[in-house]
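Take full-length UniProt numbering: the final residue in the sequence shown is number 176, and no numbers are missing along the way.
Heads up: the structure comes next, in structure tokens.
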Amino acid sequence: MAPLIIQAGEGLPLATWASLARPGQSAFDHGLERIRGSESWISWQKTWIALVDGSPAGVLVTYLHGSDMPQPDPDTPAGFVPLVELEALAPNSRYILILSTLADHQGKGVGGALLAHAEALEGPGRMSLIVSDSNTGAHRLYERKGYRIVARRPIVSIPGWDSPGTEWMLMVKDLE
């Protein structure tokens, strides 16, 4: 699951985990600790794994956004300010934090199946997600499935991570 999360975030999760790891703890091990916990935004409790022939092919991490979405505070790292701002623009939605398919399963319907699963989960009838402009395959999938861009913010690099893209795009879909 961790490699798929790193892939979906174009390396941003690994850089984040590195900044949060305890002395002597690897970034990857810190990520696994967060996945195994119950409080993290990437907790296994918010995760679904797509299997093909019994082997992992993709991962979905999703949760509900309430009506009171926080704005960035002064302690929010600069690289996360645009993401927090965009998330705040999509209250009352089921938010897809991560949707990732292993390379050898891309283009075979795994991502679409995970997206359909997320849309079928209990929620307020509105979906939201953030995607980098450089992730053209994901962007095309979301558009084909009825998602539309409603806001954009520039991508800000953080230590240990430099995005191949230039902007984050908030996409939403009304299910009702």
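Beta carbons: idealized from backbone N, C-alpha and C, even for Gly.
About 6 Å separates the beta carbon of Arg94 from that of Thr62, a gap short enough to meet the 8 Å contact definition. In the structure shown, Arg126 falls within a strand segment according to DSSP collapsed to helix, strand and coil. By the neighbour-count criterion, in which a residue is buried when 16 or more other Cβ atoms sit within 10 angstroms of its Cβ, Glu39 is exposed.
With 16 or more other Cβ atoms from the protein chains shown falling within 10 Å of its own Cβ, Thr16 counts as buried. In the DSSP assignment, Tyr147 falls outside any beta strand (DSSP E), carrying neither H nor E.
Around the beta carbon of Val150, a 10 Å sphere encloses fewer than 16 other beta carbons of the protein chains shown; the residue is thus reported as exposed. DSSP, read as helix, strand or coil, puts Ser132 in strand. Annotation: Leu4 to Leu175 spans about 27 Å, alpha carbon to alpha carbon.
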